[in-house]
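S.K.: Letter by letter, the sequence shown follows residues 1 to 63 of full-length UniProt numbering.
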Amino acid sequence: MLQVSILEGRTPEQKEELIARLTATITETLSVKPESVRVLIQEMPKTNWGIAGQSVAKRDGGK
Numbered sequence: 001m002l003q004v005s006i007l008e009g010r011t012p013e014q015k016e017e018l019i020a021r022l023t024a025t026i027t028e029t030l031s032v033k034p035e036s037v038r039v040l041i042q043e044m045p046k047t048n049w050g051i052a053g054q055s056v057a058k059r060d061g062g063k
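#1: I'd like to check one pair, E43 with I6: are the Cβ atoms closer than 8 Å?
#2: Below 8 Å between beta carbons: does that hold for E8 and K46?
#3: To the nearest angstrom, how far is the alpha carbon of M1 from that of G50?
#4: Excluding five sequence neighbours on each side, which residues of the same chain lie with their C-beta closer than 6 Å to the C-beta of V4?
#5: Could you tell me the boundaries of the alpha helix (DSSP H) in which E43 lies?
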């Protein structure tokens, strides 16, 4: 299983494309069937993700 952590705010369409592209990359690289690939997307609130000592929410000014 591939686990991907991203910041909240992506559209369902963007997440579907991410899953499709990651699945394609894994199947091509590891020579496995798409049915054996599992992708878990974990969306993180901007208040729970820190960069350079500040949350992304604070860095973005609350956007």
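The beta carbon of each residue, even a glycine, is placed where N, CA and C say it ideally should be. All figures in this text were calculated on a predicted structure; none of them were measured in a lab.
M.R.: Looking at the coordinates:
#1: Mapped onto the sequence shown, residue 6 falls at position 6. Mapped onto the sequence shown, residue 43 falls at position 43. Yes. Within cutoff.
#2: Position 8 of the sequence shown holds residue 8. Position 46 of the sequence shown holds residue 46. Yes.
#3: Position 1 of the sequence shown, counting from 1, holds the residue named residue 1. Position 50 of the sequence shown, counting from 1, holds the residue named residue 50. C-alpha separation (whole angstroms): 25 Å.
#4: One-based indexing of the sequence shown puts residue 4 at position 4. Within its own chain, the residues whose Cβ lies closer than 6 Å to the Cβ of V4, once the five positions on either side in sequence are excluded, are I41, listed in chain order.
#5: The residue you call residue 43 lines up with position 43 of the sequence shown. Per DSSP, E43 belongs to no alpha helix (DSSP H); it is in the beta strand (DSSP E), V39 to M44.
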